[in-house]
Amino acid sequence: MPLFRPGAIIVPESEGFLHMDRMLPRCTPEEAGIASKTLENLLDALEDTGTEMHGLMIARHGKVCAEGWWAPYAPNLVHGDQSLTKTYTITALGLLHDEGKLELEEKLVDIFPQYMPEVISENLQAMTVRNLMSFGSGVEQMVSIADADWLRRFFALPVTNPPGSSFFYSGVCTAVGGAIVRERTGMGLIAYLTPRLFDKIGIDASHIKTIYTGDGLEYGGGGFFTTTEDNLRLMLLYARGGLWDGERVLSGEWCREVTSKQIDTASEAAGNPGVTDNFMGYGLQCWMCKPHGAYRADGAMGQFAIVVPTSDLVISINETADQSKLQHQKVLDTIWTQLLPHVTDEPLPPNPDACAHLTTRLRSLCLPRPLFTAVSSLASTVSGKTYQLAENSAILLPAATFMAYGLENRGIRDFSLVFSDADTALLHWTQKDAKLNCRIGLSGNDAVNQGRYGPAGLKWLHASGGWESPDTFCFRLRMVESCFSKTVRIRFEAKGCMFIIEAPVANPGEPVGTMEIPGVRI
Numbered sequence: 116m117p118l119f120r121p122g123a124i125i126v127p128e129s130e131g132f133l134h135m136d137r138m139l140p141r142c143t144p145e146e147a148g149i150a151s152k153t154l155e156n157l158l159d160a161l162e163d164t165g166t167e168m169h170g171l172m173i174a175r176h177g178k179v180c181a182e183g184w185w186a187p188y189a190p191n192l193v194h195g196d197q198s199l200t201k202t203y204t205i206t207a208l209g210l211l212h213d214e215g216k217l218e219l220e221e222k223l224v225d226i227f228p229q230y231m232p233e234v235i236s237e238n239l240q241a242m243t244v245r246n247l248m249s250f251g252s253g254v255e256q257m258v259s260i261a262d263a264d265w266l267r268r269f270f271a272l273p274v275t276n277p278p279g280s281s282f283f284y285s286g287v288c289t290a291v292g293g294a295i296v297r298e299r300t301g302m303g304l305i306a307y308l309t310p311r312l313f314d315k316i317g318i319d320a321s322h323i324k325t326i327y328t329g330d331g332l333e334y335g336g337g338g339f340f341t342t343t344e345d346n347l348r349l350m351l352l353y354a355r356g357g358l359w360d361g362e363r364v365l366s367g368e369w370c371r372e373v374t375s376k377q378i379d380t381a382s383e384a385a386g387n388p389g390v391t392d393n394f395m396g397y398g399l400q401c402w403m404c405k406p407h408g409a410y411r412a413d414g415a416m417g418q419f420a421i422v423v424p425t426s427d428l429v430i431s432i433n434e435t436a437d438q439s440k441l442q443h444q445k446v447l448d449t450i451w452t453q454l455l456p457h458v459t460d461e462p463l464p465p466n467p468d469a470c471a472h473l474t475t476r477l478r479s480l481c482l483p484r485p486l487f488t489a490v491s492s493l494a495s496t497v498s499g500k501t502y503q504l505a506e507n508s509a510i511l512l513p514a515a516t517f518m519a520y521g522l523e524n525r526g527i528r529d530f531s532l533v534f535s536d537a538d539t540a541l542l543h544w545t546q547k548d549a550k551l552n553c554r555i556g557l558s559g560n561d562a563v564n565q566g567r568y569g570p571a572g573l574k575w576l577h578a579s580g581g582w583e584s585p586d587t588f589c590f591r592l593r594m595v596e597s598c599f600s601k602t603v604r605i606r607f608e609a610k611g612c613m614f615i616i617e618a619p620v621a622n623p624g625e626p627v628g629t630m631e632i633p634g635v636r637i
């Protein structure tokens, strides 16, 4: 569809800005040694990668010089971190280390004797915390963290390779790191991190959402939902060597361990041949990057918090990158080529016109939207009618909001649309045995639905749509606290319909591609 129009940011007042009394300092791009035009070009290049940008913050010398969110995403909304969570978990282990309660060379058999198998192999006996958190555990299988006994099952897996000899990326290994915190302190990750990290660097722990393991622990391998700025603050701490406002929060020793190469990642060249930044090595729950000395916290679909020490830059990005199209690598390459070469050692002369133009653009960023017709002569005919769908395994909300918990209640049984006014449609559907509904905005803006979605308790479901053609109603459901969205087209026929579901990227746990489900009016 060639025509697009913007939608408004609609964020409930209850989700307001946090820690306003502890705001990071701001400056103009020119004061930071970056031309405003460079950042405009960067925005163009990021959007040209094909990714769906959600949020961007850039800090130089500890001051934020650029920030923007693509509506309906907003600065005060948490966003799924996926594996970026891992860097929060390793920070918890660092705090544990600094308190004298953990050493990197400690062996897992000594930390978790109660979870060990009856026969302990030589490789398992040798596995250390360092091996585990650099993904050199020697284990090359996964277990479901939804299982209440997941920890015991993990240690029962064969340790195929000598620890430290090979790289195998595993969120379960990171989850074991979270379990170490609980084992040594009796506390979960959030409770442990709140007074020691979050309160000190200005992150409001009360707004963080999490997915839990089967035994009730926050999933440290990929279960956090935080803001773009939260992630910027975390990596500013590492960029400062563990200092925050003159206070030692994390030891410099630990920061160096995390952000230094611990293990070779040459195996990524076979598993992810196009993701060239992944070839540079891995630290402790932190990837090395192609620019000299650079490193990043990294989550699926392009959740990045990047530190470039040579330029004293920290960059935080939220997006939905289609990894099958290498969009996440394209975003990194864009940072390397469109930003880094243009950063100067000294401040630039003020350029108020260019800065004002950039500021206006950053404040009006918005994802493109199809320009639909709000009404159709068919609306009154189909309004309130129930359509029964053929047997299917579809779910209407993005499956990835359920993350590692697997999928329950598959199969949409029936639905109805009610066109009650010019601005809103009401969708009712039965997901297996559950009766669900949401409002769909028809005026070009999202209708905002508040609920509790998935195990993390995501709160906000946005929906907008309209008539794509006289017989086809199209709408998009967007979980704005995550990467995930779905587009649904309902093509109405004389006595039935075709219910068509598609996702802009492959949502984990769901079939790739378009699902077409016939239905009959009942």
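Here the sequence shown is numbered in the working numbering, starting from 116 and rising by one per residue. The beta-carbon is built from N, C-alpha and C at its ideal position, and this holds for glycine as well.
Reference GLY303, options THR275, ILE149, GLY338, closest by Cα: GLY338
Helix, strand or coil at CYS598 according to DSSP, with G and I counted as helix: coil
Helix, strand or coil for ARG525 per DSSP? coil
Would you please state the rounded distance, in angstroms, between the beta carbons of GLY398 and SER375? I believe it to be under 8 Å. 6 Å
THR459 (DSSP reduced to helix, strand or coil): coil
I'd like to confirm the pairing. Which residues does DSSP put opposite TYR397 in its beta bridges? ILE378, TRP402
Is the Cβ-Cβ distance between GLY293 and ASN246 less than 7 Å? no
Starting from ASP213, follow the beta strand (DSSP E) in both directions and report where the run begins and ends. From DSSP, ASP213 is part of no beta strand (DSSP E) but of the alpha helix (DSSP H) over 200-213.
So what's ASP159 in DSSP terms, helix, strand or just coil? helix
With ASN346 as the anchor, note down where its alpha helix (DSSP H) starts and where it stops. 343-354
Between the alpha carbons of LEU312 and VAL364, how many angstroms are there, rounded? 7 Å
Classify ILE430: buried if its beta carbon has 16 or more other beta carbons within 10 angstroms, exposed otherwise. buried
Within 10 angstroms of its Cβ, does VAL234 collect 16 or more other Cβ (buried), or is it exposed? exposed
Should HIS407 be labelled buried (16 or more other beta-carbon atoms within 10 Å of its own) or exposed? exposed
Cβ-based neighbour list, ALA653, same chain, cut-off 8 Å, excluding 5 preceding and 5 following: Because the chain in this structure spans residues 116 to 637, residue 653 falls outside the shown range and cannot be described.
LEU447 to ILE421 span [Cα, whole Å]: 9 Å
Tell me the rounded alpha-carbon separation between GLU214 and VAL224. 21 Å
Which same chain residues end up closer than 6 Å to PHE614 when comparing Cβ atoms and leaving out the 5 residues on each side of it in sequence? LEU504, ILE605, ILE632, GLY634
Could you pull the start and end residues of the beta strand (DSSP E) that SER410 belongs to? Note that residue 410 is Tyr in the sequence shown, not Ser. It spans 410-414 - the beta strand (DSSP E) in which TYR410 sits, taken as one unbroken run.
In the DSSP assignment, what residue or residues form a beta bridge with TRP544? PHE530, LEU551
Taking the alpha-carbon positions, what's the ALA537 to VAL490 distance? 7 Å
Just confirm the distance between the C-beta atoms of GLY499 and LYS324, as a whole number of angstroms; I'd bet it's less than 8 Å. In fact, because the Cβ distance is near 35 Å, the residues do not count as touching under 8 Å.
Could you check which residue in LYS550, SER495, LEU482 has the C-alpha nearest to that of ARG593? LEU482
Contact between the region 201-208 and the region 467-486: three or more CB pairs below 8 Å? no
Report the three-state DSSP secondary structure of CYS370 (helix, strand or coil). helix
What residues match up with GLY634 in a beta bridge as DSSP calls it? LEU504, CYS612
What does DSSP give as the partner residues of SER188 in its beta bridges? According to the sequence shown, residue 188 is Tyr rather than Ser. DSSP, once it has assigned bridges, lists no residue as partnering TYR188.
Delimiting residues of the alpha helix (DSSP H) encompassing HIS472: 467-478
Keeping to the same chain, check which residues put their C-beta closer than 7 Å to that of ILE450; ignore five residues upstream and five downstream. ILE421, ILE430
What is the DSSP secondary structure of LYS216, reduced to helix, strand or coil? coil
How is the beta strand (DSSP E) around ILE421 delimited, first residue to last? 418-423
Hey, how far is the Cα of TRP184 from the Cα of LEU171? 6 Å
Given that a residue counts as buried once 16 or more other Cβ atoms are within 10 Å of its Cβ, and exposed if not, what is PRO187? buried
Bridge partner(s) assigned by DSSP for ASN387: Note: ASN387 sits in no beta bridge, so no partner.
Shortest alpha-carbon distance to MET416 belongs to which of ALA271, ASN433, LEU352? ASN433
Distance, Cα to Cα, SER105 vs VAL274? Residue 105 lies beyond the range of the chain shown here (116 to 637); nothing can be said about it.
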